[in-house]
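In my numbering, the protein residues as written are 72 to 319.
If you want it as structure tokens, here you go:
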């Protein structure tokens, strides 16, 4: 039965319910693509550094390779690989060294220009605009870009040890966050932390994350998002473990 379930090659053919005893790592990604009839997934990626074209190409390829390998590992490469899109937005004149708030404004304008289909009007129904693709984005500045070097220099191709290597890092941003945002999950409003982007609260609207798990992060963002108290790692810590940190 598991073989039949994971043999599906078109989203529209995916069963409404996962068979008993089967765990699908990409359950919410698949279900929302099917139910909303919107078959593109993956993050928008803002390029914010432009001094090294070769390194940028290496970084982007490694990001895509990570996603493909994660799909293969979880038996979803044939189904979801065809729909995956890391949509890169680059413009040196406006995006080089751009602040996160400037990127949010650009991202939210990009979302509004997508002419996304409206929901059916029922309050319990999910809409396309609620998908992670339109609520969160990645940005790559020089700090993030340089991490591909440390990862690739240490990587000898053994998948079981990659999570222990110096990480290649992405920065994932909550597109709706502002310094005045009050989170519904009250513990994320805890104050007294070092100021980041005008806020001393625990949750500051973005997180550094191991690029190795970018595809899995997309799946998890169908839930509560970055703000989850237990899993959120305040910068400069690097999620999901929080053991490594970005340099100052």
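Cβ coordinates follow ideal geometry from the N, Cα and C atoms, glycine included.
As the structure is a computational prediction, the values presented were derived from the model and not from experiment.
{"Item": "Taking all protein chains shown into account, decide if residue 85 is buried (16 or more other Cβ within 10 angstroms of its Cβ) or exposed.", "Value": "buried"}
{"Item": "Between the alpha carbons of residue 221 and residue 125, how many angstroms are there, rounded?", "Value": "15 Å"}
{"Item": "Of the choices 172, 111, 223, whose alpha-carbon is the least far from that of residue 267?", "Value": "172"}
{"Item": "List in chain order: all unbroken alpha helix (DSSP H) runs of 4+ residues lying wholly within the stretch 85 to 140.", "Value": "98 to 107"}
{"Item": "Indicate whether residue 276 and residue 245 have their beta-carbon atoms separated by less than 7 Å.", "Value": "yes"}
{"Item": "Could you give the DSSP three-state label for residue 395: helix, strand or coil?", "Value": "Lying before the first or after the last residue shown, residue 395 is absent from the chain, which here runs from 72 to 319."}
{"Item": "Per the DSSP calculation, residue 158 is bridged to which residue(s)?", "Value": "115"}
{"Item": "Check residue 245 in the structure and name its three-state DSSP category.", "Value": "strand"}
{"Item": "To the nearest angstrom, how far is it from the Cα of residue 134 to the Cα of residue 272?", "Value": "30 Å"}
{"Item": "Is DSSP giving residue 236 helix, strand or coil here?", "Value": "coil"}
{"Item": "Using a 10 Å radius around the Cβ and a threshold of 16 neighbouring Cβ atoms, would you call residue 90 buried or exposed?", "Value": "exposed"}
{"Item": "Between the C-alpha atoms of residue 204 and residue 113, what's the straight-line distance to the nearest angstrom?", "Value": "6 Å"}
{"Item": "Comparing C-alpha positions only, which one of 178, 142, 269 sits nearest to residue 206?", "Value": "178"}
{"Item": "Give the DSSP-derived three-state secondary structure of residue 286 in the structure shown.", "Value": "helix"}
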